[in-house]
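Protein chains in written order, with the working numbering: chain A, 1 to 332; chain B, 1 to 332.
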């Protein structure tokens, strides 16, 4: 019988996350109870929201407790089922967290068709990040044909889908990313109209040049100075989708947003989102995204670390922007 | 023949407005051209938005030019008409600005029925500030019965109407104002459920105490630290109506908003507004507000200065929060 390995929370990080905030625990593989399914996890998704779970502050979801297995989505296959809807061999996405094996109630699992796209995609462009991009852009950003959509963290799991959807829906897509390599990828591979390297140090000037008609929709994943800079370029009645503020997550002092006044002067709508709010419409997004991937219209890049041991390191790198594409850990 | 007196812009203020930024000019009373109407102004309205006109910065309306008559709404009576819809003696509101007499095209005038309410009310609770409160609260704030609505500058022209409408529409109304006297008025005369004196220095604690279920709608007229404090108390899916940021208007360095993160965490909708966007629905607001005033359900207080000479002083006092109620200048 194989052994399970799980990353648990050892202590709450202060400021930047450190590897020793987590503890790797070995234990026997758990047994499913009635209504539960045992899953062997093959892929672990690492996502910026995880920083929020490493905190006792009020947020939209309760934080992880000390000693608990770290929160996360995985993709894997069913090993044993005590739930009528699942049989061994089924491929599923699960909320079982940072571990090799996990048991979960059948209701918490999503069966995915790994014959139409690689299993790992269901953690990225066909999973939570893809649906986040889809609903945030469609319902809040709501770009009209010809409008300019700017998205930060443009090479990441959410940002890359946002820009490509903006193009599919008839808009102009402009990315913001860190480094020339990511920017080249965003333009040449993903097909954005432009991508600005914020690390080059001239974000306002560079962005203004590629957005000659201003910015109609800003899909925000970053916050901080990037947010202040884009706010200066927003058009009348522009929309700002506040999906993430990754530059803030490790900050001990929050950044002060100086261009709040733009919301008044340009009558902006600025709205926070979390994809759970669209739970009932997940099938709509899943269908649309899978069709686009199958048609070759939604490209996607993964950044893969090997082995569960690398999970904390992967999260830290993600929070520092070191990943290039959707960050995953290959567990088996 | 009487003489006209007009305040013109002498120079753009830097930081706080000063009286010598304006120049009082005397000239003959102007003659209306074809399609125009000559109005004798009886009341001049002073409003926070005027600070934005004293600037060459991009805003929703072009600024006043040096030497031009200062922008402002007035209420007065028609002296001479070369427009078929107006006759001498008609009472109107006008955009003729800070002067005793002005000519305007008939299309820019609004006839008002000064038999149902005092003429000056059509510059306040029955005019632009009242309509601002009505549409901002109804369409953006959209309070549901039982929800808590907080409004800053609660004793002012807009804020006082916001809170009273919140009550009429079944919500709880909580004001923020400067000083015990204004707060007592907001509760005892206007019927708000509570009003917090931000000058007492415990805004967060005091507001939290009177909003035990949090804040669902925040109608913002002030900005700065007040905004940051209320953002901490916003409920999931709360709405922030950004109507004004008076604390910022004279600032040379903008305030940095630290609680932007609340927009993400609590999925807030934050939207800037200007009442012009509802131009086609003005009759709806005018009817509703006049009915409420006539029924004694919408109370209102004016702060009146005598004579056109006092206009610059009145605007400066308004921007410092020295007024108590809607600021007007009685011109005749």
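A virtual CB, placed ideally from N, CA and C, is assigned to each residue, including glycine.
It should be emphasised that the depicted structure is a prediction, and the values quoted were computed from it without experimental measurement.
Discussion item. Quick check: is the beta carbon of residue 189 of chain B nearer than 8 Å to any beta carbon in chain A?
Written reply: By one-based count along the second chain, residue 189 of chain B stands at place 189. Any Cβ of chain A closer than 8 Å to the Cβ of residue 189 of chain B would place that residue at the interface, and such an atom is absent.
Worksheet item: Count the other CB atoms within 10 Å of the CB of residue 93 of chain B; is the residue buried (16 or more) or exposed (fewer)?
Response: Taking the first residue of the second chain as 1, we reach residue 93 of chain B at position 93. Here residue 93 of chain B is buried. Its C-beta has 16 or more other C-beta atoms within 10 Å.
Worksheet item: Going along the region 263-296 of chain B in order, which residues come within less than 9 Å of chain A, judged by CB to CB distance?
Response: For the region 263-296 of chain B, the beta-carbon criterion of a distance under 9 Å to any beta-carbon of chain A is satisfied by 263, 264, 265, 266, 267, 268, 269, 270, 271, 272, 273, 274, 277.
Practice prompt. Using a Cβ-Cβ cut-off of 8 Å, state whether residue 384 of chain B counts as contacting chain A.
Written response: The shown model of chain B, from 1 to 332, leaves out residue 384 of chain B, and the question about it has no answer.
Worksheet item: Closer than 8 Å, Cβ to any Cβ of chain B: which residues of the region 221-232 of chain A, in chain order?
Response: Under the 8 Å Cβ criterion, the region 221-232 of chain A contributes 223, 227.
Worksheet item: Under a three-way DSSP split, which group does residue 183 of chain A fall into?
Response: Locating residue 183 of chain A in the first chain gives position 183, counting from the first residue. Residue state for residue 183 of chain A is assigned as helix, using DSSP reduced to three classes.
Worksheet item: What residue from B:2, B:3, B:11, B:207 has the CA that sits closest to residue 312 of chain B's CA?
Response: Taking the first residue of the second chain as position 1, residue 312 of chain B is located at position 312. It is B:11 whose Cα lies nearest to the Cα of residue 312 of chain B.
Worksheet entry | Any 3 or more C-beta pairs closer than 8 Å across the region 102-117 of chain B and the region 175-182 of chain B | As far as the Cβ criterion goes, the region 102-117 of chain B does not touch the region 175-182 of chain B, which means the pair count is below three.
Worksheet item: When we look at the beta-carbon of residue 85 of chain B and count the other beta-carbons within 10 Å, is it buried (16 or more) or exposed?
Response: As a working mapping, residue 85 of chain B is identified with position 85 in the second chain. Only exposed fits residue 85 of chain B, as fewer than 16 other CB atoms lie within 10 angstroms of its CB.
Practice prompt. Kindly indicate the opening and closing residues of the alpha helix (DSSP H) around residue 286 of chain B.
Written response: Sequence index remark: in the second chain, residue 286 of chain B carries index 286 (1-based). Start and end: 282-294.
Worksheet entry | Contact belief for residue 68 of chain A with residue 8 of chain A at Cβ below 8 Å, rounded distance in angstroms | Counting from one through the first chain, the residue named residue 68 of chain A turns up at place 68. Counting from one through the first chain, the residue named residue 8 of chain A turns up at place 8. For residue 68 of chain A against residue 8 of chain A, the beta-carbon gap comes to about 6 Å, under 8 Å, which counts as contact.
Worksheet entry | Bridge partner(s) assigned by DSSP for residue 81 of chain B | Residue numbering aside, residue 81 of chain B sits at position 81 when the second chain is read from its first letter. DSSP lists B:37 as partners of residue 81 of chain B.
Worksheet item: Name the chain B residues that come within less than 7 Å of residue 19 of chain A, Cβ to Cβ?
Response: On the first chain, residue 19 of chain A is found 19 positions in, with the first residue counted as 1. Residues of chain B passing the Cβ test: none, with the nearest at roughly 26 Å.
Item to complete: Could you spell out the range, first to last residue, of the beta strand (DSSP E) harbouring residue 104 of chain B?
Response: Stepping through the second chain from its first residue, residue 104 of chain B is reached at position 104. Note, residue 104 of chain B: beta strand (DSSP E), 101-105.
Worksheet item: Applying the criterion that 16 or more other CB atoms from any shown protein chain within 10 Å of the CB defines a buried residue, is residue 131 of chain B buried or exposed?
Response: Position 131 of the second chain, counting from 1, holds the residue named residue 131 of chain B. Classification of residue 131 of chain B: buried, given that the 10 Å Cβ count is 16 or more.
Practice prompt. Give the straight-line distance between the Cα atoms of residue 265 of chain A and residue 256 of chain A, rounded to the nearest whole angstrom.
Written response: For the purposes of this step, residue 265 of chain A is taken as the residue at position 265 of the first chain. For the purposes of this step, residue 256 of chain A is taken as the residue at position 256 of the first chain. Looking at the two C-alpha atoms, the distance is approximately 19 Å.
Discussion item. I need the DSSP call for residue 94 of chain B, collapsed to helix, strand or coil.
Written reply: For this step, residue 94 of chain B is matched to residue 94 along the second chain. If DSSP states are grouped into helix, strand and coil, residue 94 of chain B belongs with the strands.
Discussion item. Can you tell me whether residue 331 of chain A is helix, strand or coil according to DSSP?
Written reply: Position 331 of the first chain, counted from the start, is the residue given in the question as residue 331 of chain A. When DSSP states are grouped into helix, strand and coil, residue 331 of chain A belongs to the coil group.
Worksheet item: For residue 194 of chain A versus residue 158 of chain A, is the C-beta distance shorter than 8 Å?
Response: Your numbering for residue 194 of chain A matches position 194 in the first chain. Your numbering for residue 158 of chain A matches position 158 in the first chain. Contact flag unset, no.
Practice prompt. Would you please verify whether the beta carbon of residue 13 of chain A is less than 8 Å from any beta carbon of chain B?
Written response: Within the first chain, residue 13 of chain A is the residue found at index 13, counting from 1. For residue 13 of chain A, the answer is no, since every Cβ of chain B falls outside 8 Å of its Cβ.
Discussion item. For residue 237 of chain A, report the span of its beta strand (DSSP E) as first-last.
Written reply: As a position in the first chain, residue 237 of chain A is number 237, starting the count at 1. First-last of the beta strand (DSSP E) with residue 237 of chain A: 234-242.
Worksheet entry | Within 8 Å, strictly: CB atoms of residue 239 of chain A and residue 217 of chain A | What you label residue 239 of chain A is simply residue 239 of the first chain in a count that begins at 1. What you label residue 217 of chain A is simply residue 217 of the first chain in a count that begins at 1. Yes, the Cβ-Cβ distance between residue 239 of chain A and residue 217 of chain A is below 8 Å.
Practice prompt. Closer than 8 Å, Cβ to Cβ, to anything on chain B: give me those residues from the region 235-249 of chain A, in chain order.
Written response: For the region 235-249 of chain A, the set of residues with a beta-carbon nearer than 8 Å to any beta-carbon of chain B comprises 236, 242, 243, 244, 245, 248, in chain order.
Practice prompt. Please classify residue 22 of chain A: does DSSP put it in a helix, a strand, or coil?
Written response: Numbered from 1 along the first chain, position 22 holds the residue referred to as residue 22 of chain A. Strand, per DSSP.
Discussion item. For a cutoff of 8 Å on Cβ pairs, would you count residue 254 of chain A as touching chain B?
Written reply: Locating residue 254 of chain A in the first chain gives position 254, where the first residue counts as 1. Yes, because at least one Cβ of chain B sits closer than 8 Å to the Cβ of residue 254 of chain A.
Discussion item. Going by DSSP, what residue range makes up the beta strand (DSSP E) through residue 272 of chain A?
Written reply: In the first chain, counting from the first residue as 1, residue 272 of chain A sits at position 272. Run containing residue 272 of chain A: 269-272, per the beta strand (DSSP E) assignment.
Practice prompt. With residue 160 of chain A as the anchor, note down where its alpha helix (DSSP H) starts and where it stops.
Written response: Taking the first chain and counting its residues from 1, one reaches residue 160 of chain A at position 160. First-last of the alpha helix (DSSP H) with residue 160 of chain A: 157-168.
Discussion item. Taking 7 Å as the cut-off, is the C-beta of residue 263 of chain B nearer than that to any heavy atom in the ligand ATP?
Written reply: The model on display carries no ligand, and the ligand ATP is accordingly not part of it.
Discussion item. Can you check which of these residues, A:101, A:66, A:71, is closest to residue 79 of chain A by C-alpha distance?
Written reply: The residue given as residue 79 of chain A occupies position 79 in the first chain. Among A:101, A:66, A:71, the Cα nearest to that of residue 79 of chain A belongs to A:101.
Worksheet item: Where do the ends of the beta strand (DSSP E) carrying residue 304 of chain A lie?
Response: The sequence position of residue 304 of chain A within the first chain is 304, counting from 1. Residues 302-306.
Practice prompt. Could you work out which residues of chain C lie near residue 131 of chain A, taking near to mean beta carbons separated by less than 8 Å?
Written response: In the structure shown, chain C does not exist; the protein chains are A and B.
Discussion item. Quick test of your reading: residue 167 of chain B and residue 146 of chain B, contact by CB under 8 Å. State the CB separation rounded to the nearest angstrom.
Written reply: Stepping through the second chain from its first residue, residue 167 of chain B is reached at position 167. Stepping through the second chain from its first residue, residue 146 of chain B is reached at position 146. 12 Å between Cβ atoms; not a contact.
Discussion item. Closest to residue 121 of chain A by C-alpha separation, out of A:258, A:76, A:184, A:82, would be which residue?
Written reply: For the purposes of this step, residue 121 of chain A is taken as residue 121 along the first chain, with counting starting at 1. Closest by alpha carbon: A:76.
Worksheet entry | Those residues which DSSP pairs with residue 27 of chain B across a bridge | To locate residue 27 of chain B, count along the second chain from 1; it is residue 27. According to DSSP, residue pairing for residue 27 of chain B in a beta bridge involves B:4.
Worksheet item: residue 34 of chain B: buried (16+ other C-beta within 10 angstroms of its C-beta) or exposed?
Response: Here residue 34 of chain B refers to the residue found at position 34 of the second chain. When all chains shown are included, residue 34 of chain B counts as exposed.
Discussion item. Pull the bridge partners of residue 74 of chain B from the DSSP assignment, please.
Written reply: On the second chain, residue 74 of chain B is found 74 positions in, with the first residue counted as 1. When beta bridges are read from the DSSP output, residue 74 of chain B appears opposite B:44, B:94.
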